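S.K.:
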Amino acid sequence: MIVEEKILELERRIKQLEATKKKDQLSMVVFSGELDKLLAAMIIATGATAMDMEVKLFFTFWAISALRDKEKRAEKKELTSKMFGAMLPKGTSDVKLSKMNMAGAGLSMLKSLMKKKNVASLEDLLQTAGELGVEINICEMSMNLMGFSKDEMIDYPKLDYCGVGTYLSDAEESAIQLFI
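Under my numbering, the first residue of the sequence shown is numbered 345, with each subsequent residue one higher.
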């Protein structure tokens with residue numbers, strides 16, 4: 345009888361451990377809209393997919409600007425939304441550096457060096473991420489707060505719009521969570 349009880353207890357503990365096991369998944373909050381930080385996020389995301397991890401990125405606040413399509417225009421916007429749209433970068437090519445921007449000279453120097461050293465651009469990394477199945481979720485609250493609309497965003501294979509609850513649910517089941 346004691347052996348049977350121990351076996352039942354071990355089975356219960358195994359089920360408990362299996363239930364709490366995290367997925368081979370990376371969930372990342374992408375908050376910054378600065379080139380160096382966006383590059384880091386995309387390099388980590390594509391690297392994780394190369395290691396057969398599922399990757400879910402949650403773009404919020406300033407990072408959303410990098411996902412705006414230069415060619416697309418929103419229908420009607422209120423004045424504050426128009427101002428945010430004019431002041432914030434529109435797409436990957438408009439983002440600045442977090443440090444040593446030097447009125448754009450630092451940005452040009454970095455892009456030149458990246459090209460010389462065969463380092464993928466942010467545009468290339470974003471395309472590769474799409475091809476590899478990296479999921480991008482845009483925070484609807486942040487997008488609405490900044491006056492952006494869905495029709496302004498880039499075409500991306502796995503692009504969706506959600507709230508923080510979706511990110512938290514993804515993060516809860518992920519083996520790795522990051523904030524950039």
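Glycine residues also receive a C-beta, built at the ideal position from the N, C-alpha and C atoms. Nothing here was measured: the structure is a model prediction, and the numbers come from that model.
Pull up the distance between the alpha-carbon of residue 349 and that of residue 356, whole angstroms please.
M.R.: Position 5 of the sequence shown, counting from 1, holds the residue named residue 349. Position 12 of the sequence shown, counting from 1, holds the residue named residue 356. Spanning the two alpha carbons is a distance of roughly 10 Å.
S.K.: Can you tell me which of 429, 510 and 378 puts its alpha carbon nearest to the alpha carbon of residue 479?
M.R.: Residue numbering aside, residue 479 sits at position 135 when the sequence shown is read from its first letter. Residue 510 is the option with its Cα nearest to residue 479.
S.K.: Which residues in the same chain have their Cβ closer than 7 Å to the Cβ of residue 428, if we skip the five residues on either side of it in sequence?
M.R.: The residue you call residue 428 lines up with position 84 of the sequence shown. Only 490 and 491 meet the Cβ criterion.
S.K.: Do you know whose CA, among 359, 386, 379 and 455, lies nearest residue 442's CA?
M.R.: Counting from one through the sequence shown, the residue named residue 442 turns up at place 98. Minimum Cα distance to residue 442 is reached at 379.
S.K.: Look up residue 481 in the DSSP assignment and say whether it is helix, strand or coil.
M.R.: Walking along the sequence shown from the start, residue 481 turns up at place 137. Residue 481 falls in the strand class under three-state DSSP.
S.K.: Residues in its own chain within less than 7 Å of residue 381 by CB, not counting five upstream and five downstream?
M.R.: Reading the sequence shown from its first residue, position 37 is the one you call residue 381. Around residue 381: 442 and 524.
S.K.: In terms of alpha-carbon separation, which member of 420, 447, 435 and 446 lies closest to residue 465?
M.R.: Position 121 of the sequence shown, counted from the start, is the residue given in the question as residue 465. Taking only the C-alpha atoms, the option nearest residue 465 is 435.
S.K.: Which residues in the same chain as residue 373 place their Cβ atom closer than 6 Å to its Cβ, once the five residues preceding and following it in sequence are excluded?
M.R.: The sequence position of residue 373 within the sequence shown is 29, counting from 1. For residue 373, where only same-chain residues beyond five positions count, the Cβ hits under 6 Å are 402 and 523.
S.K.: Which residues does DSSP pair with residue 455 in a beta bridge?
M.R.: Residue mapping note: residue 455 aligns to position 111 of the sequence shown, counting from 1. BP columns for residue 455 are empty, so no partner.
S.K.: Hey, quick one: how far does the beta strand (DSSP E) through residue 515 stretch, first residue to last?
M.R.: Position 171 of the sequence shown holds residue 515. No beta strand (DSSP E) contains residue 515, which is instead part of the alpha helix (DSSP H) from 508 to 516.
S.K.: Let me know the secondary structure DSSP gives residue 524 once reduced to three states.
M.R.: Indexing the sequence shown from 1 puts residue 524 at position 180. The answer is coil: DSSP assigns residue 524 none of H, G, I, E or B.
S.K.: Does the contact criterion of 3 or more C-beta pairs under 8 Å hold for the stretch 395 to 413 versus the stretch 487 to 507?
M.R.: yes
S.K.: Taking only three categories from DSSP, how would you classify residue 371?
M.R.: Against the sequence shown, residue 371 aligns to sequence position 27. Residue 371 falls in the strand class under three-state DSSP.
S.K.: On the premise that residue 367 lies in contact with residue 517, defined as a C-beta separation below 8 Å, what is that separation, rounded to the nearest angstrom?
M.R.: Walking along the sequence shown from the start, residue 517 turns up at place 173. Walking along the sequence shown from the start, residue 367 turns up at place 23. 5 Å between Cβ atoms; contact.
S.K.: Hey, could you find the ends of the beta strand (DSSP E) residue 398 is sitting in?
M.R.: As a working note, residue 398 is residue 54 in the sequence shown. Start and end: 398 to 403.
S.K.: Considering only the alpha carbon of each residue, which of 407, 358, 431 and 387 lies closest to residue 399?
M.R.: Taking the first residue of the sequence shown as position 1, residue 399 is located at position 55. The option with the nearest alpha carbon to residue 399 is 387.
S.K.: Could you name the residues of the same chain whose beta carbon sits closer than 7 Å to that of residue 405, not counting the 5 residues immediately before and after it, in chain order?
M.R.: By one-based count along the sequence shown, residue 405 stands at place 61. Result list for residue 405: 375 and 486, in chain order.
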